[in-house]
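Just so you know, the protein sequences line up as chains P and L, in that order.
Here the UniProt record's numbering is used: the first residue of the first sequence is 1, the next is one more, and so on.
Here the UniProt record's numbering is used: the first residue of the second sequence is 1, the next is one more, and so on.
No residue lacks a Cβ here, since even glycine has one placed at the ideal position from N, Cα and C.
Number of protein chains: 2
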Amino acid sequence: MTRIPAAERRAALIDAALRVVSRHGLAQATTRAIVAEAGMSLASFHYAFASRDELVDELITTVVGREQQAVLPDLIPGQTLHEIVEAGLLRYFEHLRSDPEHEQAMLELTQYALRSPERHPLAAAQYAKYIELAARSLELGAEIAGASWTVPVERVARVLVAFTDGLTLTWLVDRDDDAARAVAAAAADALTRMADTR
Amino acid sequence: MTRIPAAERRAALIDAALRVVSRHGLAQATTRAIVAEAGMSLASFHYAFASRDELVDELITTVVGREQQAVLPDLIPGQTLHEIVEAGLLRYFEHLRSDPEHEQAMLELTQYALRSPERHPLAAAQYAKYIELAARSLELGAEIAGASWTVPVERVARVLVAFTDGLTLTWLVDRDDDAARAVAAAAADALTRMADTR
DNA sequence: ACCGAAGTGGGACAGTTGTCCCAGTCGGTT
DNA sequence: AACCGACTGGGACAACTGTCCCACTTCGGT
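Have a look at this one:
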């Protein structure tokens with residue numbers, strides 16, 4: 001096996017772990033399964049990480065960062081706010097459809113974090129980032145559409161995140177594309193009503 | 001130990017299992033943990049159930065039935081449809097607040113079911129029941145308010161379920177009551193717009 | 001060329017898990 | 001009272017898990 005510095009090995013193991021979790025779930029993501037996916041020996045695992053928990057914690061915190069651009073709206077001038085918001089939601093939906101297992105993995109990681117008091121902050125931080133990202137998108141969208149939010153953007157953003165989560169969960173269960181699009185439309189509707197569209 | 005027929009033992013074990021899952025998560029719900037919670041010996045478990053999987057499957061299918069009445073709206077005549085729907089959502093939210101671990105357990109069971117192809121139908125059936133229940137409530141609500149849905153009720157119901165899920169997930173993470181109420185209000189808004197309020 | 005540190009491999013360990021077995025005991029029917 | 005099948009308890013097993021250890025190899029700086 002070629003020699004790899006510990007830092008790179010950590011990254012490689014986290015990538016492998018995410019793949020395993022996506023494919024088979026967190027419960028199946030044993031040290032051996034992760035190491036096999038990464039093509040390493042078992043000892044390398046505990047050379048790079050003190051424990052499996054340490055890897056999972058880092059998996060949770062790092063993976064959120066990559067989610068970033070998915071929800072960012074197309075900023076096409078001339079569109080109404082409603083169109084922009086709905087397009088953003090539909091874009092997220094396409095992202096979900098293209099890699100359902102990934103979103104399922106994220107959900108699973110969140111739920112895992114919720115289980116222990118010391119990990120709960122990880123989930124909270126994850127969501128704080130989502131909300132911040134959503135808030136930025138919403139502000140941008142309003143600007144383009146020449147509208148302004150009549151409710152604090154953070155509040156609108158939180159509602160958007162909630163709607164997105166609901167969309168994700170229900171679609172993962174019934175895989176009903178039309179229904180999901182209806183959810184997106186309804187969500188866009190509700191959100192737009194929190195703005196003053198001059 | 002007093003003698004208990006197998007059928008009762010199955011019920012007792014399922015109750016115990018739900019308690020364990022609520023408290024510590026599905027991963028911690030080992031045969032031994034469940035049996036300890038139920039105050040039985042380990043052998044009784046495999047006398048009542050062929051395997052742990054069999055118990056979990058039955059846990060998923062039976063537990064949904066008890067959820068039923070939580071979302072049913074107060075049917076106070078004279079209220080607008082918007083008020084009725086929002087009240088229903090807030091009632092669900094109070095239910096969630098009063099026993100968060102239970103909803104967390106339901107979420108976990110759903111995700112578990114999503115993981116294997118042969119269990120996926122269990123999750124789908126679970127959601128079908130949710131949607132049916134929601135549809136009945138929505139129909140009743142519209143009747144009371146003297147309104148009518150302009151979109152098929154099942155479609156409205158699916159959106160309601162999605163919104164409810166989103167509300168649940170986000171509140172479980174950040175425990176922000178005000179934000180959750182804002183989600184409920186926005187959801188009621190979106191849903192009401194799918195009706196013709198004469 | 002050499003040497004300490006960084007990285008590697010294989011094997012081992014103890015703890016936990018699902019499942020099973022078997023000898024026993026109870027309760028109701030005959 | 002006898003008996004048969006339903007139920008019980010304890011212990012065992014093999015598989016799997018996270019973690020550790022130790023001998024070994026390779027690399028970068030001297």
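(message) Less than 7 Å between CB atoms is the rule here; does residue 172 (chain L) satisfy it with respect to chain P?
(response) Locating residue 172 (chain L) in the second sequence gives position 172, counting from the first residue. Closer than 7 Å: yes.
(message) Under 8 Å, with one C-beta from each stretch per pair, do the stretch 90-103 of chain P and the stretch 164-178 of chain P reach the 3-pair mark?
(response) yes
(request) Could you pull the start and end residues of the alpha helix (DSSP H) that residue 43 (chain L) belongs to? (result) By one-based count along the second sequence, residue 43 (chain L) stands at place 43. Unbroken alpha helix (DSSP H) run through residue 43 (chain L): 42-48.
(request) Could you confirm whether any beta carbon from chain P is found closer than 7 Å to the beta carbon of residue 193 (chain L)? (result) For the purposes of this step, residue 193 (chain L) is identified with residue 193 of the second sequence, where counting begins at 1. True, the Cβ-Cβ gap to chain P drops below 7 Å.
(message) Mapping the DSSP letters down to three states, classify residue 74 (chain L) as helix, strand or coil.
(response) Counting from one through the second sequence, the residue named residue 74 (chain L) turns up at place 74. If DSSP states are grouped into helix, strand and coil, residue 74 (chain L) belongs with coil.
(message) Quick check: is the beta carbon of residue 64 (chain L) nearer than 7 Å to any beta carbon in chain P?
(response) By 1-based counting over the second sequence, the position of residue 64 (chain L) is 64. Not one chain P Cβ lies under 7 Å of residue 64 (chain L).
(request) Go to residue 84 (chain P), then tell me how far its alpha helix (DSSP H) extends in each direction, as first and last residue. (result) Residue numbering aside, residue 84 (chain P) sits at position 84 when the first sequence is read from its first letter. Element bounds for residue 84 (chain P): 81-98.
(message) If you reduce the DSSP assignment to three classes, tell me which class residue 22 (chain L) lands in.
(response) Here residue 22 (chain L) is taken as the residue at index 22 of the second sequence, counted from 1. It is helical.
(message) Do residue 26 (chain P) and residue 248 (chain P) count as a contact pair if the criterion is CB distance below 7 Å?
(response) Any property of residue 248 (chain P) remains undetermined from this structure, which presents chain P solely from 1 to 198.
(request) For residue 114 (chain L), return the contacting residues in chain P, with the cut-off set at a CB-CB distance below 8 Å. (result) On the second sequence, residue 114 (chain L) is found 114 positions in, with the first residue counted as 1. Going along chain P in sequence order, the residues near residue 114 (chain L) (Cβ under 8 Å) are 104, 172 and 173.
(message) Is it buried or exposed, residue 66 (chain L), if we count other Cβ atoms within 10 angstroms and call 16 or more buried?
(response) Counting from 1 along the second sequence, the entry for residue 66 (chain L) is found at position 66. Counting Cβ neighbours within 10 Å, residue 66 (chain L) comes out exposed, since fewer than 16 surround it.
(message) In the DSSP assignment, the alpha helix (DSSP H) including residue 233 (chain P) goes from what residue to what residue?
(response) There is simply no residue 233 (chain P) to check, as chain P begins at 1 and stops at 198 in what is shown.
(message) Rounding to the nearest angstrom, what Cα-Cα distance links residue 82 (chain P) and residue 188 (chain P) in this structure?
(response) Start at 1 with the first residue of the first sequence, and residue 82 (chain P) comes out as number 82. Start at 1 with the first residue of the first sequence, and residue 188 (chain P) comes out as number 188. About 6 Å.
(request) Output the boundary residues of the alpha helix (DSSP H) element that contains residue 65 (chain P). (result) On the first sequence, position 65 is the one that residue 65 (chain P) refers to. Segment: none, residue 65 (chain P) is in no alpha helix (DSSP H) and carries neither H nor E.
(message) Please tell me whether residue 201 (chain P) has its Cβ less than 7 Å away from any Cβ of chain L.
(response) There is no way to answer for residue 201 (chain P), as the model of chain P reaches only from 1 to 198.
(request) Give me the Cβ distance between residue 21 (chain L) and residue 105 (chain L), rounded to the nearest whole Å; I'm assuming they're in contact under 8 Å. (result) Numbered from its first residue, the second sequence carries residue 21 (chain L) at position 21. Numbered from its first residue, the second sequence carries residue 105 (chain L) at position 105. Their Cβ separation, rounded to whole angstroms, is 5 Å, which keeps residue 21 (chain L) and residue 105 (chain L) in contact under 8 Å.
(message) Is there a C-beta anywhere in chain P that falls below 7 Å from the one on residue 17 (chain L)?
(response) Position 17 of the second sequence, counted from the first residue, corresponds to residue 17 (chain L). Taking Cβ atoms only, chain P never reaches closer than 7 Å to residue 17 (chain L), which makes this a no.
(request) Output the distance between the C-alpha atoms of residue 60 (chain P) and residue 53 (chain P), rounded to the nearest integer angstrom. (result) Working through the first sequence from its first residue, we reach residue 60 (chain P) at position 60. Working through the first sequence from its first residue, we reach residue 53 (chain P) at position 53. If you take the alpha carbons of residue 60 (chain P) and residue 53 (chain P), they lie about 11 Å apart.
(request) Indicate the three-state DSSP secondary structure (helix, strand or coil) for residue 157 (chain P) in the structure shown. (result) As a first step, residue 157 (chain P) is located in the first sequence; it is residue number 157 there, counting from the start. Note: residue 157 (chain P) maps to helix in three-state DSSP.
(request) Determine the burial state of residue 146 (chain P): buried for a count of at least 16 other Cβ atoms within 10 Å of its Cβ, exposed for fewer. (result) Position 146 of the first sequence holds residue 146 (chain P). Counting Cβ neighbours within 10 Å, residue 146 (chain P) comes out exposed, since fewer than 16 surround it.
(message) One question on the structure: do residue 131 (chain L) and residue 175 (chain L) come within less than 7 Å of each other, judged by their Cβ atoms?
(response) Numbered from 1 along the second sequence, position 131 holds the residue referred to as residue 131 (chain L). Numbered from 1 along the second sequence, position 175 holds the residue referred to as residue 175 (chain L). Contact flag unset, no.
(message) Using DSSP's beta-bridge definition, name the partner residues of residue 195 (chain P).
(response) Taking the first residue of the first sequence as position 1, residue 195 (chain P) is located at position 195. P:149.
(message) Rounding to the nearest angstrom, what Cα-Cα distance links residue 75 (chain L) and residue 136 (chain L) in this structure?
(response) Counting from 1 along the second sequence, the entry for residue 75 (chain L) is found at position 75. Counting from 1 along the second sequence, the entry for residue 136 (chain L) is found at position 136. Cα to Cα, the separation comes out at about 13 Å.
(message) My output table needs one value for residue 166 (chain L): the three-state DSSP class, helix, strand or coil.
(response) For this step, residue 166 (chain L) is matched to residue 166 along the second sequence. In this structure, residue 166 (chain L) counts as helix in the three-state DSSP scheme.
(request) Measuring only between beta-carbons, confirm whether residue 99 (chain P) sits less than 7 Å from chain L. (result) Against the first sequence, residue 99 (chain P) aligns to sequence position 99. So no, residue 99 (chain P) is outside the interface.
(request) Ignore the nearest five residues each way along the sequence and tell me which others in residue 192 (chain P)'s own chain have a CB closer than 7 Å to its CB. (result) Start at 1 with the first residue of the first sequence, and residue 192 (chain P) comes out as number 192. Within the same chain, residue 192 (chain P) has close Cβ partners 81, 82 and 85.
(request) Tell me whether residue 47 (chain P) is buried or exposed, calling it buried when 16 or more other Cβ atoms sit within 10 Å of its Cβ. (result) The count along the first sequence starts at 1 and reaches residue 47 (chain P) at position 47. With fewer than 16 other Cβ atoms within 10 Å, it is exposed.
(message) Below 7 Å on C-beta distance, what does residue 107 (chain L) contact in chain P?
(response) Working through the second sequence from its first residue, we reach residue 107 (chain L) at position 107. Result: 111.
(request) Find the residues of chain P that neighbour residue 163 (chain L), judging by a C-beta separation of less than 7 Å, and give them in chain order. (result) Sequence index remark: in the second sequence, residue 163 (chain L) carries index 163 (1-based). 163 and 166, listed in chain order.
(request) Below 6 Å CB to CB, which residues in the same chain sit around residue 1 (chain L) once its five sequence neighbours on both sides are set aside? (result) Against the second sequence, residue 1 (chain L) aligns to sequence position 1. With a pLDDT of only 49 at residue 1 (chain L), under 50, the local geometry of the prediction cannot be trusted, and the value read off the model is given with reservation. Answer for residue 1 (chain L): no residue qualifies.
(request) Would you mind sorting residue 42 (chain L) into buried or exposed? The rule is 16 or more other CB atoms within 10 Å of its CB. (result) As a working note, residue 42 (chain L) is residue 42 in the second sequence. Classification of residue 42 (chain L): exposed, given that the 10 Å Cβ count is below 16.
(message) Quick check: the Cα distance between residue 4 (chain P) and residue 112 (chain P), rounded to an integer number of angstroms?
(response) Taking the first sequence and counting its residues from 1, the one referred to as residue 4 (chain P) is at position 4. Taking the first sequence and counting its residues from 1, the one referred to as residue 112 (chain P) is at position 112. When rounded, the distance between both Cα atoms is 30 Å.
(request) Report the rounded CA-to-CA distance for residue 110 (chain P) versus residue 102 (chain P), giving the unit in angstroms. (result) Taking the first residue of the first sequence as 1, we reach residue 110 (chain P) at position 110. Taking the first residue of the first sequence as 1, we reach residue 102 (chain P) at position 102. One C-alpha to the other measures close to 12 Å.
(request) Evaluate residue 182 (chain L) with the Cβ neighbour count: other Cβ atoms within 10 Å of its Cβ, from every protein chain shown; 16 or more gives buried, anything less gives exposed. (result) Taking the first residue of the second sequence as 1, we reach residue 182 (chain L) at position 182. By the 10 Å Cβ count, residue 182 (chain L) comes out buried.
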